[in-house]
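Note sheet for the following structure.
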Amino acid sequence: MGKSKNNKFKRPQFNSAGLPVGAVKDVEEEHEEEDHVDAECPAAELLEKLQSPSADVREFACASISRVVQQSQTIPSFLQRDVVKRLGPMLLDCSLAVRETAAGALRNLSACGGHEVCEDMVKQDILTPLTSLLRECCAGFEASTLSMTDQKNTVQDVAYESVNLLWNLCESSSQALSVFNKAGLLDVIIQCLETHTHNVELAISAAHCLHTVTEDNPELLCSMNVAVLTSLEMVLGSTSPDMAHNHLRTLAAGVMWNLKSSLPAARQAQTLSAVAATLAQCLALDAGVLLPQLRAAEEARFAGAAAETVSADQAGGASKFLEMEEMEEEEEAAPPKKNGKKAVKDTDFSDLLPRDKGELRDAVALLSAQQTSLEIIVNMCCSDDPSDDEWEEASSSDESEAGPDALCDGLSGLMSPLCLSAEVHAALVHHRIPEKVLKKTQFPCKEAMDVCQQNPSWKCLIKKMQRVQYRALTCLHNVLSTMDVESLGGAEALQGVAQHLSSLVFSPPEIPKEEEFLEAVTSAMRSLLQTIASKNIPQCMSPQQLMSLSEAATRCDVVSVRVNALAILGITGSTLAKVKGTADTLQMIGNALLQVASKDANLVVNGEALDALLDVFADGDEAEKAARNIQLLTALKTLQPVFKSKIRKEGRGKYSPEQLCVLDNIKVNLRRFIGYLETVMKK
């Protein structure tokens, strides 16, 4: 319907490990044999233990709550017993260990409870003790750093859990974001970010939090000062080659992009170049090569450790080696341990991996950084969506309120072609980012997949590799929507992209059914076909292939996938209508679109099918012949009153102002098109 809109990434809802809840579900599906919490949740008993005079008992209670609430069905039982109000004081407990485990319990509650629980936590004023705790932690950073020994730096561990809790709350609650702004927590988070030289994990959590709170937050942007920007630039300019710092730099790049409007004019060009360079460097890393190398290094290290154990005790060497193998297998199958405490069964264990899983931690950091890089590029290639007020002004479900011409003029203004600023365009091209994005759209390589399949603790990386591919496809869609053909390498390069996308969809034995893949690949194909058609560039995908893709996509539950499939058919049909001898194919496309227009339950999908029909049969002898064969005029006259009635009855309240605007436009165009067909069919 109209122009293909590019996607913009909002920060997703996060789990207790600071990772998207969608990824949590993926990991949960891989652990069907996971132990479940008893139906009778021990909420009352654990909450009672929080009042114990013994710090060890309070710590145990907090750690147990942290574990139990990861099973979402137990959360209501805790909420009914005022878990937030009873854990809140534990954030300021005299024992640092209790503070840390209490923050961890609240963090997991916020992650696994979802947006409603987060809103409730904020309403119960959890941010007051959390703010005090964070300020105390930051005040203790200098002393704790100076006194660091081989023991854990407890103050920074408390800060780590607290920052993750704050991140989750700000992600889910606008009220939390307002408190963040008014309480001046930006300086606290910047202090946590500045620990990156000796505590990269805390710095990464702080960067995640900053990435969230700086997005669409004008009030906070007014608080930016030179000191804050300097701290971010120092992170962005760090040269540490390890994967954790690579991830940190990527997040810092995202924060700087969010802050672009508040940057001093003299620093904008330099900062934009640094952001683009950081993203390009991250995407240049080849996970297909690095993951097998990291796994091989892990195996070599474990083998070396086993050999040392054997040499240390020659008499019992063989039995000790076997025992170590068994322990390693148990460790891979069991939830990871943290800080020597009882294992916490998390739904995604990225930040709970023990220290001896360094290579796996590096692999997770690499893939997380690449996913984040692609999401940032998506937003760099995305114009801001019009506000609801703008759409309301242009939208009307009553043609008497706004004439067809006025409605079309308003819509065309809102759906004008997307464009990039010259500076962003130049930075993307200079660092060859479109080329790097295209490379990431490939399926994960067999070697990396094999490594992950063969080791239980590495299996979580499969979904992460796939998600990088999906983000790259979405990114490709935005790149194609906003950059000119010459910048993308010309007609020949676009034909190569078409061949590549064709291989992704049609080379497997059957078209992939994964919804996230279908949504991303159909968006990319839609943008590509629009660009190719507008420039009259021949493309390599046959109408039959596109029909088979559309048939598979129209069976998908995701509305956007169905909409993309119909748009692809419309673009294909309108191109074929200019070619002689294509009436039979146009007839096939027309019948498919009529089927969807009349039978799909979603009004937006109905509208997209009608819009595609108007594109396909707008002009040409072949289109006229096909329209007669499928009795298009009769079919549209039957559909018109039904479509108009559905807009009137279902539109308000169920669909967004943007969708209503487009649907109204289609309704007007459908009336005009029927008049056109009546004239044509009289010939």
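Everything in the sequence shown is counted per UniProt numbering, starting at 1 for the first residue and increasing by one. Note that the Cβ used here is the ideal one computed from N, Cα and C, for glycine as well.
TODO: Report all residues from its chain with a CB closer than 6 Å to the CB of leucine 677; omit the five preceding and five following residues, and keep chain order.
DONE: The beta carbon of leucine 677 is closer than 6 Å to those of Leu633 in its chain, skipping five residues each way along the sequence.
Open item on the list: If I measure Cβ to Cβ from valine 579 and keep anything under 8 Å in the same chain, skipping five residues before and after, which residues do I get?
Closed with: Cβ within range, chain order: Glu622.
- [ ] Could you tell me if threonine 197 is buried or exposed, where buried requires 16 or more neighbouring beta carbons within 10 angstroms of its beta carbon?
- [x] Exposed, by the Cβ-count rule.
Open item on the list: If I follow the unbroken alpha helix (DSSP H) through proline 543, where does it start and stop?
Closed with: Residues 543 to 553.
- [ ] Could you say if the stretch 249 to 264 and the stretch 291 to 303 meet the contact criterion of at least three C-beta pairs nearer than 8 Å?
- [x] Touching, no.
Open item on the list: Within a Cβ cutoff of 8 Å, which residues of the same chain sit near phenylalanine 60, ignoring the five residues on either side of it in sequence?
Closed with: Scanning its chain for C-beta atoms nearer than 8 Å, with the 5 sequence neighbours on each side dropped, one finds around phenylalanine 60 the residues Lys49, in chain order.
Task: Element boundaries [alpha helix (DSSP H), containing valine 561] - done: 559 to 576 is the extent of the alpha helix (DSSP H) around valine 561.
Task: N- and C-terminal bounds of the alpha helix (DSSP H) containing tryptophan 257 - done: Counting along the chain, the alpha helix (DSSP H) containing tryptophan 257 begins and ends at 243 to 258.
Open item on the list: For methionine 121, report the span of its alpha helix (DSSP H) as first-last.
Closed with: Methionine 121: member of the alpha helix (DSSP H) spanning 96 to 123, first to last residue.
Task: Reference glutamate 161; option with closest CA among Val213, Leu106, Ile126 - done: That would be Leu106, whose Cα lies nearest to the Cα of glutamate 161.
Task: Where aspartate 157 falls, given that 16 or more other Cβ within 10 Å makes a residue buried - done: Residue environment: aspartate 157 is assigned as buried (16 or more neighbouring CB atoms within 10 Å of its CB, all protein chains considered).
Open item on the list: Quick check on the burial criterion: 16 or more other C-beta atoms within 10 angstroms. Buried or exposed for asparagine 164?
Closed with: Per the 10 Å Cβ criterion, buried.
Task: Whether cysteine 62 touches leucine 87 by CB criterion (9 Å) - done: Yes, the pair counts as a contact, with Cβ atoms nearer than the cut-off.
Open item on the list: Suppose you measure from the CA of arginine 648 to the CA of valine 117; what does that come to, to the nearest Å?
Closed with: Put simply, the backbone Cα of arginine 648 is about 36 Å away from that of valine 117.
Task: Coil, strand or helix - valine 668 by DSSP - done: Valine 668 falls in the helix class under three-state DSSP.
TODO: Could you check the C-alpha separation between histidine 431 and alanine 280 for me, to the nearest Å?
DONE: Near 6 Å, if we compare the C-alpha coordinates of alanine 280 and histidine 431.
Open item on the list: histidine 115 and serine 173 - do their beta-carbons sit closer together than 9 Å?
Closed with: Contact: yes.
Open item on the list: For glutamate 100 and serine 110, I'd like the C-alpha separation in whole angstroms.
Closed with: Taken atom to atom, the span from the alpha-carbon of glutamate 100 to that of serine 110 is near 15 Å.
TODO: Determine the direct distance from the alpha carbon of alanine 274 to that of asparagine 258, and round the result to whole angstroms.
DONE: Asparagine 258 and alanine 274: Cα-Cα distance of roughly 14 Å.
Task: Among Leu473, Cys445, Asp484, Leu291, the one whose alpha carbon lies nearest that of isoleucine 377 - done: Of the listed residues, the one whose Cα sits closest to isoleucine 377 is Leu473.
- [ ] Taking only the alpha-carbon atoms, compute the straight-line gap between alanine 426 and methionine 224 and give it to the nearest angstrom.
- [x] Straight across, the Cα-Cα distance linking alanine 426 with methionine 224 is about 26 Å.
Task: Own chain partners of methionine 541 with C-beta closer than 7 Å, once the 5 adjacent residues on each side are dropped - done: So the list reads Ala498, Ser502, once near-sequence residues are dropped.
Open item on the list: Tell me the rounded alpha-carbon separation between threonine 575 and alanine 533.
Closed with: Using only the alpha carbons, I get a separation of about 7 Å.
Task: For glutamate 423, the nearest candidate out of Pro129, Arg471, Gln268 (CA to CA) - done: Nearest in C-alpha terms to glutamate 423, of all of Pro129, Arg471, Gln268, is Gln268.
TODO: Sort Lys683, Gln293, Val255, Gln51 by Cα distance to cysteine 452 and report the nearest one.
DONE: Taking only the C-alpha atoms, the option nearest cysteine 452 is Gln293.
Task: N- and C-terminal bounds of the alpha helix (DSSP H) containing serine 373 - done: It spans 358 to 380 - the alpha helix (DSSP H) in which serine 373 sits, taken as one unbroken run.
Open item on the list: If I measure Cβ to Cβ from leucine 290 and keep anything under 7 Å in the same chain, skipping five residues before and after, which residues do I get?
Closed with: The residues are Leu366.
Task: Cβ neighbours of asparagine 629 in the same chain (closer than 6 Å, five flanking residues each side left out) - done: If we look at asparagine 629 and ignore the five residues flanking it on each side, its Cβ neighbours are Gln587.
Task: Buried or exposed (CB count within 10 angstroms, at least 16 for buried), leucine 82 - done: Position check: residue 82 holds aspartate in this sequence, whereas leucine was assumed. Flag for aspartate 82 reads exposed.
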